[in-house]
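Engineer: Please find one structure pasted underneath; my questions will follow.
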């Protein structure tokens with residue numbers, strides 16, 4: 439009898455351990471030690487650190503180097519107000535209003551939304567911890583796509599994240615203020631300007647993460663000419 443009870447308790451402990459890991463994915467990024475230890479990601483750390491002094495940042499690099507992951511991690515730190523001990527970038531001690539956008543409604547759903555929430559049927563398995571998700575709002579007419587995600591902030595309030603896409607046009611980015619804007623994939627210049635405008639009254643931040651597949655566009659050229667490169 440005792441043996442059976444011990445097995446049940448052990449199984450419950452294993453299940454709880456799995457849930458803790460599965461629904462707190464952000465904890466596994468940038469660890470102190472191991473094969474993926476933080477010190478190996480100098481460019482990512484510099485990108486984060488530059489947020490303390492730069493209003494606009496661009497993480498431009500090749501494919502599969504963790505650009506979207508970097509943007510997503512920083513966004514979640516700001517939304518939750520839970521920053522790692524090693525964090526030296528910008529930080530807020532209050533809930534924020536944020537915007538994240540990609541090329542199309544579908545790519546925003548399949549890349550940004552999934553990176554942040556995980557699978558639509560298993561929300562909380564992405565970078566936002568499950569117990570920090572306060573609610574979501576569905577996007578009308580687009581299966582499995584979300585318009586808004588609300589996230590519990592450590593202060594006790596709630597942060598708001600709006601999900602948009604470039605193919606919705608410039609007007610969809612008008613009419614609100616934002617503390618943090620994240621463009622994943624190169625953004626049309628008029629949308630970029632509109633995103634920057636959203637942060638003017640809040641003195642917020644704008645970040646971009648992309649591979650320059652379109653070559654030396656006007657936006658890329660202007661950014662490279664004026665930015666500090668790391």
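Numbering (the working numbering), first residue to last: 439 to 668. Virtual Cβ for every residue (Gly too), placed ideally from N, Cα, C. As the structure is a prediction and not an experimental result, all values here were calculated from the model.
1) Can you tell which of 618, 634 and 500 has the C-alpha that lies nearest to the C-alpha of residue 530?
2) If you compare alpha carbons, which of 662, 608, 491 and 560 is closest to residue 539?
3) Is it the case that the Cβ atoms of residue 647 and residue 508 are separated by a distance below 8 Å?
4) Do residue 603 and residue 542 come within 8 Å of each other at the CB atom, strictly closer than that value?
5) Measuring only the C-alpha atoms, how far is residue 594 from residue 520?
6) When DSSP builds the beta bridges, which residues end up paired with residue 590?
7) Quick one: is residue 581 buried, meaning 16 or more other Cβ sit within 10 Å of its Cβ, or exposed?
8) Buried or exposed, going by whether 16 or more other CB atoms sit within 10 Å of the CB of residue 524?
9) Could you have a look at residue 658 and say whether DSSP puts it in helix, strand or coil?
10) Could you say which of 549, 461, 493 and 484 lies nearest to residue 502 if we only look at CA atoms?
11) Less than 8 Å between the CB atoms is what I'm expecting for residue 551 and residue 583, so what's the real figure, rounded?
12) Of all the options 567, 468, 645 and 478, which has the alpha carbon lying nearest to the alpha carbon of residue 616?
13) Bridge partners of residue 646, per DSSP?
14) From the DSSP secondary-structure annotation, give me the bridge partner or partners of residue 540.
15) With residue 669 and residue 468 assumed to form a contact (beta carbons below 8 Å), what rounded beta-carbon distance in angstroms separates them?
16) What do you get for residue 654, buried or exposed, if any count of 16 or more other CB atoms within 10 angstroms of its CB means buried?
17) Where do the ends of the beta strand (DSSP E) carrying residue 572 lie?
18) When you compare the CB positions of residue 517 and residue 544, do they come within less than 8 Å of one another, or not?
19) Hey, quick one: how far does the alpha helix (DSSP H) through residue 506 stretch, first residue to last?
20) Where DSSP assigns a beta bridge to residue 584, which residues make up the other side?
21) I believe residue 562 touches residue 553 by the beta-carbon criterion, under 8 Å. Please report the beta-carbon distance rounded to the nearest angstrom.
Structural biologist: Here's the rundown:
1) 618
2) 608
3) Taking 8 Å as the Cβ cut-off, residue 647 and residue 508 qualify as a contacting pair.
4) yes
5) Taking the straight line joining both Cα atoms gives about 12 Å.
6) When beta bridges are read from the DSSP output, residue 590 appears opposite 596.
7) exposed
8) Burial is judged here by how many other beta carbons sit within 10 angstroms of a residue's own beta carbon; residue 524 has fewer than 16 and is exposed.
9) helix
10) The shortest C-alpha separation from residue 502 is found at 549.
11) 7 Å
12) 645
13) 496 and 621
14) 603
15) Here the chain has residues from 439 to 668 only, and residue 669 is not among them.
16) exposed
17) 571 to 576
18) no
19) 505 to 518
20) 576
21) Not really, about 13 Å apart at Cβ, beyond 8 Å.
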